[in-house]
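Visitor: Have a look at this one.
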Amino acid sequence: MLICRSANPASTPATDPGENEDIESAAALCKEFEIPYHVFDLCKEYEEIVLKYFRAEYLAGHTPNPCIVCNRQLKFGFLVDRAKRFGIDFDYFATGHYARIVQENGSYHLHKARDRSKDQSYFLYALPASDLAHILFPLGELTKTEVCGIAGKYGLDVADQAESQDFIAGGDYSVLFDQADAKAGDIIDDNGRILGQHKGLIHYTVGQRKGLGISHPRPLYVLKKDPRNNRLIVTEREGLFAHGLLANEINLFVSLAQGKAIRARAKIRQGQRKLDATVTWENDQQIKVLFDLPGPSVAPGQSIVLYDGNRVLGGGIIVEPIRND
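Numbering (the working numbering), first residue to last: 282 to 606.
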C-alpha cells in the first residue's frame, strides 16, 4: 500500500484535516493484515503544485478546483513515480475513488461509479488516457453502503470514519491567504451601481448568495470578481445564467476534429446537474460548449467535464461564460 502525506501543519494548519489520523489508521490496517506499506512525503510538492496554484487562481478572481490538480499531478503522478524510484514494482495502481475503468474493444474508458451519489469521475477527467489501462478503482462497482458492510464484516473501523468533504477544514479558503490579500472594496451590480462594501475578494465565490452583507429587495448572487479594480460584481439570479462557455487545458478521451461537433452532457461543477450541450473547437487551444438551455454560475477556473451516458468524454478548465447580452 502506498500512503501519501501531503499536508504540512506548520505552513498550512487547516489543510487536509485528519490526515495524520488517516495515515495511522492505514498503517495499523496494513500491519494487521501483513500488507507492506510505504508512506511518501509529498508536502513540498503539494505546497508547490496544489496550494500555489489555488492561491494564484483565487487571487486572479477564478474558482479553481485543487482536487483535480492533486489527482492528476500528485496521486497519479508524483506518488506513482516516487514509488517506482523507491524500487516498488507494480503493474496496476488502485485507489479508493468512486469511478470505473471500462474496457471496450481493446480501449479503456473512464466511467461514472455505480453509486451515483458518490461518483468522483468529475475529479478524474484530467488523467492521461494512456494511464487508464493501469488504474483500478475497486469501489467503482460498489455502493457506499456495500463498502461499509464489507469493512464491518472484517471488523475494520474505517467503516465508521467520517468522510472528508473539503481540502480545507470548514471550507474557509481565506486561511490560505495573508491579511493583505483581504482588502475591502466596492460591491457593484451588473449595471455598475455601488451597493456596498465587500470584506476582501478572497471571501467570495461565483454563485454565492449568503454573506454578502448588503440589503436588496431581491436576492443577489456573486456574478464575478474583478481583482484588478478590487470589485465584487453581483446580480439577481437571472443574471447568473449563461448560454455556454469557452474552456482550455483540454483533455479528451475521444476524437474531436476541427469543424466538427459532438453532443455531450456537461457538468460545470461537482454536485450540479448536467446540461445537454454541443461541443466544438473554438481554436487550437479552446473548446466552445453551447448549452441547449442556459446554465447557472459558470465560474472561470472551475472544470467542465463532458459525459456520454456513464462515459467520461473529457473536459477542461472554464475560461469564460458565453452570455447573450
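The C-beta atom is built at its ideal place from N, Cα and C for all residues, glycine as well.
What is the rounded straight-line gap between the Cα of Phe-534 and the Cα of Ala-528?
Guide: Roughly 16 Å between the two C-alpha positions.
Visitor: Cutting at 6 Å between CB atoms, please list the residues of its own chain near Arg-499, excluding the five before and the five after it.
Guide: If we look at Arg-499 and ignore the five residues flanking it on each side, its Cβ neighbours are Glu-517.
Visitor: Classify Ala-307 as helix, strand or coil using the three-state DSSP reduction.
Guide: Ala-307: helix per DSSP, three-state reduction.
Visitor: The ligand SAH and Asp-565: does any heavy atom of the ligand fall closer than 6 Å to the residue's C-beta?
Guide: Absence of the ligand SAH from the depicted structure is noted, as is the absence of any ligand whatsoever, leaving it without description.
Visitor: Leaving out the 5 sequence neighbours to the left and right, which residues in its chain are closer than 6 Å to Ala-607 when beta-carbon positions are compared?
Guide: A query on residue 607 cannot be resolved here, the shown segment of the chain reaching from 282 to 606 and no further.
Visitor: Decide if the stretch 417 to 430 is in contact with the stretch 360 to 380; the criterion is three or more beta carbon pairs, one per stretch, under 8 Å apart.
Guide: Yes, the stretch 417 to 430 is in contact with the stretch 360 to 380.
Visitor: Please confirm whether Ser-584 and Gly-576 have their CB atoms less than 7 Å apart.
Guide: Not closer than 7 Å, so no.
Visitor: Taking the C-alpha atoms as reference points, what is the distance between His-319 and Ile-349?
Guide: When rounded, the distance between both Cα atoms is 24 Å.
Visitor: What residues in its chain sit with their C-beta under 6 Å from that of Ala-364, if we drop five residues either side in the sequence?
Guide: Only Leu-283 meet the Cβ criterion.
Visitor: What are the residues that DSSP puts in a beta bridge with Lys-548?
Guide: Bridge partners of Lys-548: Val-586.
Visitor: Between the C-alpha atoms of Glu-329 and Gly-582, what's the straight-line distance to the nearest angstrom?
Guide: C-alpha separation (whole angstroms): 18 Å.
Visitor: Quick one: Cα of Asp-470 to Cα of Tyr-406, how far?
Guide: Spanning the two alpha carbons is a distance of roughly 35 Å.
Visitor: Do the CB positions of Pro-602 and Gly-342 come within less than 7 Å of each other?
Guide: No, the pair does not count as a contact, with Cβ atoms beyond the cut-off.
Visitor: Which residue from Phe-367, Asp-412, Phe-371 puts its Cα closest to that of Ser-388?
Guide: For the residues Phe-367, Asp-412, Phe-371, the minimum Cα distance to Ser-388 belongs to Asp-412.
Visitor: Return the residue from the list Lys-393, Ile-483, Ala-580 that minimises the CA-CA distance to Ala-337.
Guide: Ranking the options by Cα distance to Ala-337, first place goes to Ile-483.
Visitor: Excluding the 5 residues preceding and the 5 following Val-383 in the sequence, name in chain order all residues of the same chain whose CB lies nearer than 6 Å to its CB.
Guide: So the qualifying residues of the chain are His-390, His-392.
Visitor: Check each candidate in Asn-564, Arg-604, Ile-531, Gly-488 and name the one with the smallest Cα separation from Thr-344.
Guide: Cα-wise, what sits closest to Thr-344 is Gly-488.
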